[in-house]
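For reference, the structure discussed in these notes is given below.
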Amino acid sequence: MKDTFIIVDFEPIGKRVEVKPGASILEAARLAGIPLTSDCGGVGSCGQCRVIIRQENNAVEPPTSIEENEFSEDELSAGYRLACETIVRGDVKVDVPSSSLVSGQRLQTESNLHEDAKSDSRPDSIIQSYSLSLAKASIHDLRSDLTRVLDALFDLYGLSNLSASPAAVRPLSSLLRQNQWLVSALVRGNQLIGFLAPNRNPLGLAVDLGTTKIAAYLVDLITGETLAADGSPNPQIGYGEDVVSRMVYARETMGGIKTLAQAVHKSLAQLARALVDMTGRSTQEIAEVCLVGNTAMIHLLLEFPVDQLAMAPYVPAASTPLEARAIDLGLDFAGDCRVYIPPCVAGYVGADLVAMTLASGIGQDERTVMGIDIGTNTEIVLSFPGQKRMFALSCASGPAFEGAHIRAGMRAAAGGIERVWLEDGIPVVQTIGKIPPVGICGSGIIDVIAEFRRTEIINWRGRFQAENPRVHKGRDGLEYLLVPAVESGTGESISVTQNDVNEIQLAKGAIRAGITALLETSGIQAEDLDEIVLAGAFGTYLNLETAIAINMLPDIPRERYRQVGNAAGAGAKQMLFSHRKRAQAIAIAHDIDYVELTIYPDFRSIYAKSMLFNE
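Printed below as a string of structure tokens:
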């Protein structure tokens with residue numbers, strides 16, 4: 061009888077493993093090489109291996125008495141379980157909180173771009189801070205605390221006609237009396253948005269809300285210094301790996317869009333708390349937020365309807381700059397803190413591309429430049445001399461570069477194979493953290509496929525050549541033994557399958573087809589490009605040579621490539637400060653012509669050719 065296997069999908073790590081019915085989640089995690097914290101060794105006494113079951117449907121056994129004592133009824137209803145106590149009996153998706161991991165996922169927050177964060181002058185600043193020394197209230201001076209502030213702002217700085225919300229005023233009385241009537245007033249336009257203790261600079265939070273990852277930066281709004289940076293997986297991964305599947309969840313699940321929004325709200329609040337804890341500050345000192353993301357991520361954040369975005373002609377509910385009250389997104393920040401969201405371009409080209417274009421300087425000189433922000437949803441922009449307008453498009457490269465749909469695939473975390481090369485026909489691997497391999501991440505799978513093609517283990521169509529001694533028939537067809545079981549960190553061999561090659565062909569083909577379509581639209585050749593800017597986490601760790609070798613990127617002189625890291629985050633930091641930068645971003649969005657690939661002439665043929673390797 062053929063063995064029956066169950067698929068356990070660990071998110072947001074992106075690692076899948078097959079186990080037999082009756083295995084525990086902890087056993088599955090160990091088999092997958094996922095380092096769950098479990099000081100008790102898996103007997104249920106330490107309570108550390110907490111996970112969240114997302115797709116139950118009788119896929120796991122009911123909670124044990126140990127779990128009923130460990131969790132509240134609300135937690136159990138929300139899917140919280142102990143991995144060591146949870147027995148699987150069907151395919152299941154498991155969320156792994158970062159607190160349950162011995163080591164976390166590598167998350168790109170850095171950029172090597174000049175961020176030009178500090179505002180040039182006070183009139184350009186979004187948030188202005190005014191130091192006040194007020195006369196103490198007395199029986200002879202019964203003005204309200206707010207009136208006292210407004211009078212001082214007019215007398216000292218000439219500010220008039222300011223308004224303030226209750227949220228802004230709420231901390232004022234206590235601050236004045238705790239600080240001998242010294243206070244800093246925070247003004248945004250004609251709004252008095254909050255108050256800080258004297259000699260405390262207001263803070264800003266810049267956020268790049270990616271489909272897979274969230275990067276956040278805590279910035280001093282007066283000095284322009286980035287005080288701390290951190291990242292976390294996007295928790296919506298547990299509901300769908302790409303934007304399309306999440307929109308399906310939002311449309312077809314009762315309360316689905318609120319669930320997705322609140323998941324991100326919670327992560328943003330946690331990131332903000334982590335950042336201020338690093339610096340000894342308080343979330344109450346965060347006075348402004350600038351958040352960028354693709355159009356779908358913005359819709360799901362703000363609970364905009366997505367029906368019209370998910371179907372042709374893919375129209376966003378809004379594409380102009382937006383502002384939300386921080387408190388409405390579950391963010392307990394200073395007074396009336398606002399979240400600014402720059403403009404989007406189209407249904408699948410969002411504020412993140414605008415931010416990347418701004419920060420990397422694309423379109424700001426007479427060079428021909430292409431910017432590529434590689435991710436689950438890859439966005440590409442092109443500027444060239446003699447044209448006031450730019451072209452941009454989005455291509456659904458999918459989550460394969462994040463390890464999805466790859467048998468041994470995983471996201472960039474400890475033990476992930478990130479580099480591969482063949483020496484005398486024998487694969488050599490390099491892992492994140494220099495520990496025994498447990499899976500293969502996106503940069504590693506591109507390396508190995510480039511090596512397959514170089515050594516003719518696969519042909520130009522991507523098919524395995526069976527005569528290679530490391531190619532053998534597995535349960536799903538031909539596969540290549542990359543790491544023997546005795547050398548892996550899981551005790552199981554790591555192989556690359558024919559399906560894995562096919563998945564990368566689909567992903568790299570989408571990107572190359574998008575590049576080709578933009579070049580054709582502009583009437584230029586790849587050789588005419590003065591520069592290609594590669595942005596995003598995957599673009600940072602990508603091996604340029606192997607990406608070119610598999611025909612994902614154009615074969616032009618390597619010095620024309622520039623890998624810039626998280627350019628969208630750098631653009632968000634620029635717009636966090638400056639009216640001028642926000643106006644520049646609005647102009648960029650206005651000057652981009654969107655190219656819709658679903659109606660692009662001969663796109664199917666272009667895509668089919670782009671999936672092939674060089675002969």
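Be aware that the sequence shown starts at 61, since it is given in this note's numbering, and climbs by one per residue.
Ideal placement from N, C-alpha and C gives every residue a C-beta, glycine not left out.
Rounded to whole angstroms, what's the CA-CA distance from residue i to residue j? Just pull it up for me.
i      : j      : result
Ala329 : Ser342 : 12 Å
Pro496 : Arg620 : 35 Å
Ala586 : Ser292 : 36 Å
Asn559 : Glu539 : 9 Å
Lys568 : Thr436 : 11 Å
Ala415 : Ile666 : 29 Å
Tyr140 : Leu331 : 21 Å
Tyr190 : Ile422 : 36 Å
Pro95  : His465 : 21 Å
Arg640 : Ile317 : 34 Å
Ile517 : Ala649 : 45 Å
Ala526 : Ala510 : 17 Å
Asp176 : Glu383 : In this prediction, Asp176 has a pLDDT of 49, which is less than 50 and means its spatial position is unreliable; nothing more can be read from the coordinates.
Ser84  : Val111 : 12 Å
Val336 : Gly458 : 34 Å
Glu483 : Gly625 : 30 Å
Lys62  : Lys80  : Below a pLDDT of 50, predicted positions are generally treated as unreliable, and Lys62, at 49, falls in that range; the measurement from the model is reported next regardless. In a straight line, the C-alpha of Lys62 is about 12 Å away from that of Lys80.
Leu263 : Leu281 : 5 Å
Gly502 : Ala472 : 8 Å
Asn519 : Val405 : 39 Å
Leu252 : Ala347 : 11 Å
Thr515 : Ile486 : 11 Å
Arg333 : Leu389 : 15 Å
Ile126 : Ala143 : 12 Å
Phe65  : Val152 : 12 Å
Val366 : Ala372 : 12 Å
Gly537 : Phe663 : 30 Å
If the criterion is Cβ atoms closer than 8 Å, does the pair residue i and residue j meet it?
i      : j      : result
Val352 : Pro403 : no
Leu418 : Met430 : no
Val531 : Asp507 : no
Leu232 : Asn250 : no
Glu605 : Ala460 : no
Met432 : Ile592 : What sits at residue 432 in the sequence shown is Ile, not Met. Contact flag set, yes.
Pro258 : Ile646 : no
Thr339 : Leu413 : no
Val77  : Ala92  : yes
Thr576 : Val655 : no
Thr268 : Ala632 : This sequence places Asp at residue 268; Thr is not what is there. Yes, these two residues count as a Cβ contact at 8 Å.
Val409 : Glu363 : no
Ala88  : Val148 : yes
Ile477 : Gly493 : no
Counting along the chain, where does the alpha helix (DSSP H) carrying residue i start and finish?
i      : result
Phe512 : 502-514
Pro226 : 226-229
Thr286 : That residue, Thr286, is in no alpha helix (DSSP H); its beta strand (DSSP E) goes 286-293.
Phe70  : Unbroken run through Phe70 is the beta strand (DSSP E), 66-71; no alpha helix (DSSP H).
Leu589 : Premise fails: Leu589 is in no alpha helix (DSSP H) and is neither H nor E.
Gly102 : Here Gly102 belongs to no alpha helix (DSSP H), and DSSP marks it neither H nor E.
Phe214 : 205-217
Gly534 : No alpha helix (DSSP H) holds Gly534; the beta strand (DSSP E) holding it covers 531-534.
Met416 : 411-420
Ile663 : The question names Ile, yet the displayed sequence has Phe at residue 663. Note, Phe663: alpha helix (DSSP H), 663-670.
Gln565 : 558-582
Ile647 : Reading off the sequence, residue 647 comes out as Ala, not Ile. First-last of the alpha helix (DSSP H) with Ala647: 639-650.
Gln368 : 367-370
My understanding is that residue i touches residue j, with C-beta atoms under 8 Å, so please give their C-beta distance in whole angstroms.
i      : j      : result
Gln565 : Met671 : 4 Å
Ala570 : Ala595 : Not confirmed; about 17 Å, so no contact.
Glu552 : Gly74  : Not a contact, Cβ separation roughly 17 Å.
Gly284 : Phe637 : 7 Å
Gly298 : Asp155 : 5 Å
Ser327 : Ile387 : Their Cβ separation, rounded to whole angstroms, is 17 Å, which puts Ser327 and Ile387 out of contact at 8 Å.
Any beta-carbon of chain C closer than 8 Å to the one on residue i?
i      : result
Glu301 : Judged by its chain identifiers, the structure shown contains no chain C, having just a single protein chain.
Can you give me the start and stop residues for the beta strand (DSSP E) that residue i sits inside?
i      : result
Thr606 : Per DSSP, Thr606 belongs to no beta strand (DSSP E); it is in the alpha helix (DSSP H), 604-609.
Thr55  : For residue 55 there is no data in the structure shown, the boundaries of the chain being 61 and 675.
Phe598 : Where Phe598 is concerned, there is no enclosing beta strand (DSSP E), although the alpha helix (DSSP H) it sits in stretches over 597-601.
Arg76  : 75-79
Glu483 : 476-483
Ala276 : 273-280
Lys153 : 152-155
Met450 : 450-455
Val489 : 486-491
Arg521 : First-last for Arg521: undefined, no H or E at that position.
### Message
Check whether the region 191-199 and the region 240-249 touch, using three or more Cβ-Cβ pairs below 8 Å as the test.
### Response
yes
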